[in-house]
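Visitor: These protein sequence lines map, in sequence, to chains A and B. Per our numbering, the very first residue in the first sequence carries number -10; after that it's consecutive. Per our numbering, the very first residue in the second sequence carries number 121; after that it's consecutive. Cβ atoms here follow ideal geometry from the backbone N, Cα and C, with glycine treated the same way.
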Amino acid sequence: MAGKVKWVTDIEKSVLINNFEKRGWVQVTENEDWNFYWMSVQTIRNVFSVETGYRLSDDQIVNHFPNHYELTRKDLMVKNIKRYRKELEKEGSPLAEKDENGKYLYLDFVPVTYMLPADYNLFVEEFRKSPSSTWIMKPCGKAQGKGIFLINKLSQIKKWSRDSKTSSFVTQSTKEAYVISLYINNPLLIGGRKFDLRLYVLVSTYRPLRCYMYKLGFCRFCTVKYTPSTSELDNMFVHLTNVAIQKHGEDYNHIHGGKWTVSNLRLYLESTRGKEVTSKLFDEIHWIIVQSLKAVAVNASPSLTSSTANDRILKYNLINDTLNIAVPNGEIPDCKWNKSPPKEVLGNYEILYDEELAQGDGADRELRSRQGQSLGPKGGRSRDSGRTVLTTWK
Amino acid sequence: MLQEESDLSLVIAQIVQKLKGSTLYAQLERQAWASLQRPEIKLESLKEDIKEFFKISGWEKKLQNAVYSELSVFPLPSHPAAPPEHLKEPLVYMRKAQGSWEKRILKSLNSMCTELSIPLARKRPVGEQKELLNKWNEMGTDEPDLSLFRPVYAPKDFLEVLINLRNPNYENGDSLSFRTHLGLIQVPLKVKDIPELKEFFVELGLTTGQLGIDDSTQVPPELFENEHVRIGQKVLAEQDSAAAQQYIRQGSPTALRAELWALILNISSQPEDILYYEQLKTNVIQHDLLVDSLIYKDVKLTASNDDYYFVFEDYLYQVLLCFSRDTSVLGHFAYNSASPPKSYIRGKLGLEEYAVFYPPNGVIPFHGFSMYVAPLCFLYHEPSKLYQIFREMYVRFFFRLHSISSHPSGIVSLCLLFETLLQTYLPQLFYHLREIGAQPLRISFKWMVRAFSGYLATDQLLLLWDRILGYNSLEILAVLAAAVFAFRAVNLMEVTSLAAAEAVLADLSTLKVMPLLQIFLFATVT
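#1: Assuming contact is defined by CB atoms lying nearer than 8 angstroms, are residue 24/A and residue 51/A in contact in what I supplied?
#2: Less than 8 angstroms between the beta carbons of residue 502/B and residue 301/B, yes or no?
#3: For the region 352 to 375 of chain B, which residues have a beta carbon sitting closer than 7 angstroms to at least one beta carbon of chain A?
#4: Out of curiosity, what's the CA-to-CA distance linking residue 93/B and residue 524/B?
#5: Is residue 378/B close to chain A, meaning its C-beta is less than 8 angstroms from at least one C-beta of that chain?
#6: Applying a beta-carbon distance threshold of less than 9 angstroms, which residues of chain A neighbour residue 578/B?
#7: Provide the residue span of the alpha helix (DSSP H) that contains residue 664/B, from first to last.
#8: For residue 408/B, which of helix, strand or coil comes out of DSSP?
#9: Report yes if the CB atom of residue 105/A is closer than 8 angstroms to the CB atom of residue 173/A, and no otherwise.
#10: Please identify, using Cβ separations under 7 angstroms, the residues of the region 616 to 636 of chain B that lie next to chain A, in order along the chain.
#11: When the Cα atoms are used, what is the spatial distance from residue 71/A to residue 118/A?
#12: Name the chain B residues whose beta carbon is nearer than 7 angstroms to that of residue 271/A?
#13: Name the residue from 210/A, 252/A, 282/A, 207/A whose alpha carbon lies nearest to the alpha carbon of residue 66/A.
#14: Could you say if the region 407 to 422 of chain B and the region 468 to 477 of chain B meet the contact criterion of at least three C-beta pairs nearer than 8 angstroms?
#15: Identify which residue in 192/B, 587/B, 626/B, 213/B has its Cα closest to the Cα of residue 637/B.
#16: Could you please give the first and the last residue of the uninterrupted alpha helix (DSSP H) stretch that includes residue 278/A?
#17: Quick one: what does DSSP say residue 28/A is sitting in, helix, strand or coil?
#18: Among 230/B, 355/B, 373/B, which one has its Cα closest to the Cα of residue 345/B?
#19: Could you check whether the Cβ of residue 182/A sits closer than 8 angstroms to any Cβ belonging to chain B?
#20: Tell me which residue opens and which closes the alpha helix (DSSP H) that residue 420/A is part of.
#21: Scan the region 261 to 291 of chain B and note each continuous alpha helix (DSSP H) run of 4 residues or more that stays entirely inside, going in chain order.
#22: Can you give me the C-alpha to C-alpha distance between residue 137/B and residue 384/B, rounded to a whole angstrom?
#23: For a contact defined as C-beta to C-beta under 7 angstroms, what are the partners of residue 434/B on chain A?
#24: Examine chain A for any beta-carbon lying closer than 8 angstroms to the beta-carbon of residue 499/B, and answer yes or no.
#25: Quick one: Cα of residue 179/B to Cα of residue 148/B, how far?
#26: What residues are listed by DSSP as bridge partners for residue 256/B?
#27: Consult DSSP for residue 629/B and reduce its assignment to one of helix, strand or coil.
#28: Using the C-alpha atoms, what's the distance from residue 342/A back to residue 267/A?
#29: Pick from 274/B, 382/B, 227/B, 498/B: whose alpha carbon is nearest that of residue 435/B?
#30: Note down the Cα distance separating residue 488/B from residue 169/B, rounded to an integer number of angstroms.
#31: The alpha helix (DSSP H) that contains residue 536/B, what's its start and end?
#32: Where residue 542/B and residue 291/B are concerned, what is the direct C-alpha to C-alpha distance, given to the nearest angstrom?
#33: Who are the near neighbours of residue 158/A in its chain, counting only those whose CB is closer than 8 angstroms to its CB and skipping five residues on each side?
#34: Is residue 98/A close to chain B, meaning its C-beta is less than 8 angstroms from at least one C-beta of that chain?
#35: Can you give the Cα-Cα distance for residue 127/B and residue 182/B, rounded to whole angstroms?
#36: Report the neighbours of residue 210/A on chain B: residues whose CB is nearer than 7 angstroms to its CB, in chain order.
Below is the structure:
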């Protein structure tokens, strides 16, 4: 079935369209026969909702898994991780090992979190244990930093109290769902500023799990110096790193947008903190990503809006490499095709985890250990030996 | 033989003289006195026993490092009767040129001062002092109105001065020959050719392992990298400056670089160093200098817009504002062809008793100056250590990039070296660029003046500066500049204007410096 790949999208972004056009793919509408549909989150929801009962045919690919919101919605993500941990514990998996205080040794990567209003009472109990702590409220279904705020007094979240006198059955269902987490108020600072990491992960198949991490992730810096002082809790420019928020700060600089590449970060950390600590940090980040993916399904849309020229180039290349992996050789997709793509195709992605390879038999043991440890800025290198390591990727 | 001996004793005498005033001397004295308590120190063999004690306890090594540091920084005296100006710069016409350049800069500064009616210095009112103290860690958020300030000079102004340098004793006749230098620099200084450079930079050769080449993904670490790291750790354990300097010629592992540079520059953060920095900070709080605004403007124009260094904006103020007030920097003018500008207390013009150096450290910043500090922020995040490292880098290396002198690492020699390399080994390219009005030096000058900071990716820049420290010379900047032109020669041969040539060379951020240098020096057929 030779022929040009037919594509549709409902997102008018040049980084996408330029990539499709440069491959000579043919644009069609969604009512026609299409092979590749880059959907917005809304469309995914509609297409895969129970009512429509839409089924993809063998030669169709979309850019999100149907249950992607299991990871995007914060309450679902937390639920999934908690459930995953319990499952592992039940199986007696070594991953679920705990220390003498009951903390997970390898799976403790989500701070104490509760759903509101459902877990309100549980939350209050926890809050009272350390009343001077700060907590962060995030609406479950929003992104780009919208609706997030910090609290350090119970009165600030009275609205979500189940026992509140104003609540009735009706109002409760319209109360927006939030998650509340313990705020980590001693973050790593660089140049006195807080930053977060924006990493791109591509999941090509879920069973077996095959995921790739884009090597060119980046850090986003706050424009204002960090202070844990309570008087600045309301200043979102200090605490939230989302570009959408920082963009409106006075000091936002349009040439670089407050971003560093992950390799800059790595250079800085190795220079100031040493190689071991830095390698451990990145290993643990990769570990968290793989475990989260195993716990749930895949993510929704990253922002395709480019804030700076460099950013546009980055996203264009990102989509390019993504398409090379997802639609190899530019051929019409075939769901039966299930082989791992060859190394040359990866571009700036590197294999984060490949379940098939990881579960290879004894003869492949060598390959497996190299594969699972193939991360860091140097793709195929094995790690420094002699460290006590979070043992299992498999 | 006799001459050498007396030269050596002269050097020794000078170094002893210098070290006598240092903290190290006081420490050694204290240690010697304290050691008398030790059982192994006997009265009959006092001198030998104390010397032995110093050796075992590591104090001898500290002394060695201090001596080594002095040798690296101070030029050897040529003749006991040579006047101090000769130490600064032996050639009269260079001294004169530097003198007139300085006059121009100072005039420019003074007229800016008069135009804007801002004093060169003023004491801050108490309220303002308090405010600044509170904001010390985030001076970047300050938005003073800097629109009326302009940099005192930019690299291209300086280049024009260098282009017009002439040696009045030199007459090469009117006829052009193959010896005629076709570049912009027209002074006859001796520069190395490629065979000499190959000898000088022998450790960069093809058969020696390098960081920046032999640590790439394709090379298994067992071949070079692991062993090199191990040796680096050993060098650090021994705390030997000379060994560190030799070691770093092959590049420094990222995790060891901060310590290695400190060892080579002989910087150890003693309590008195931290105190000294705090003292400078107090000076900043109490007095406002006109140059402060120049510093602000420079940081805002350069480092704040840089992809890598914007994060460290606040550190840059903390370092540079203190630097301007650091009178210990005046010491380097003994071997710098430049001299600190003098200013007079208001109303006392010409009266020597009322003369002060302005700024206190004698260094007037120019456009891009803050880029000397920025890369160091990737290595040191403690302000006083960062400060010390920068200051030492400045008085050892960076000052040579903006003063007129005949020193082999001075900017004039670097420019001449660059042009000569290009004309000798890439004559077609050089001739072509000259024909279209794109003299190569016009493009590469800014790279060299800034030691490539802001032009290369940070990891590459640090590898380059490793070699500056390792060879105690800036010549590598000229070699790299030539290597970049060689690398992009094919594209450059096709351009037909200066602007197009600039465009081909606008983005160096993807370059890998060590392979470029190696190919240019060791793998090009000459």
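Guide: Once the coordinates are examined:
#1: no
#2: no
#3: 374, 375
#4: Past the edges of chain B, shown from 121 to 646, lies residue 93/B, and the structure says nothing about it.
#5: yes
#6: 253, 256, 257
#7: In the structure displayed, chain B extends from 121 to 646; residue 664/B sits before or after that span and is not available.
#8: strand
#9: no
#10: none
#11: 21 angstroms
#12: Those do not exist, as residue 271/A stays about 14 angstroms from chain B at its closest Cβ, beyond 7 angstroms.
#13: 282/A
#14: no
#15: 587/B
#16: 264 to 284
#17: coil
#18: 373/B
#19: yes
#20: There is no way to answer for residue 420/A, as the model of chain A reaches only from -10 to 383.
#21: 275 to 283
#22: 22 angstroms
#23: 180, 181
#24: yes
#25: 7 angstroms
#26: DSSP, once it has assigned bridges, lists no residue as partnering residue 256/B.
#27: coil
#28: 20 angstroms
#29: 498/B
#30: 53 angstroms
#31: 531 to 545
#32: 24 angstroms
#33: Unreliable positioning characterises residue 158/A in this predicted model, as indicated by a pLDDT of 44, which lies under 50. The coordinate reading is nonetheless provided below. Once the five neighbours on either side are set aside, residue 158/A has no close Cβ partner at all.
#34: no
#35: 24 angstroms
#36: 431
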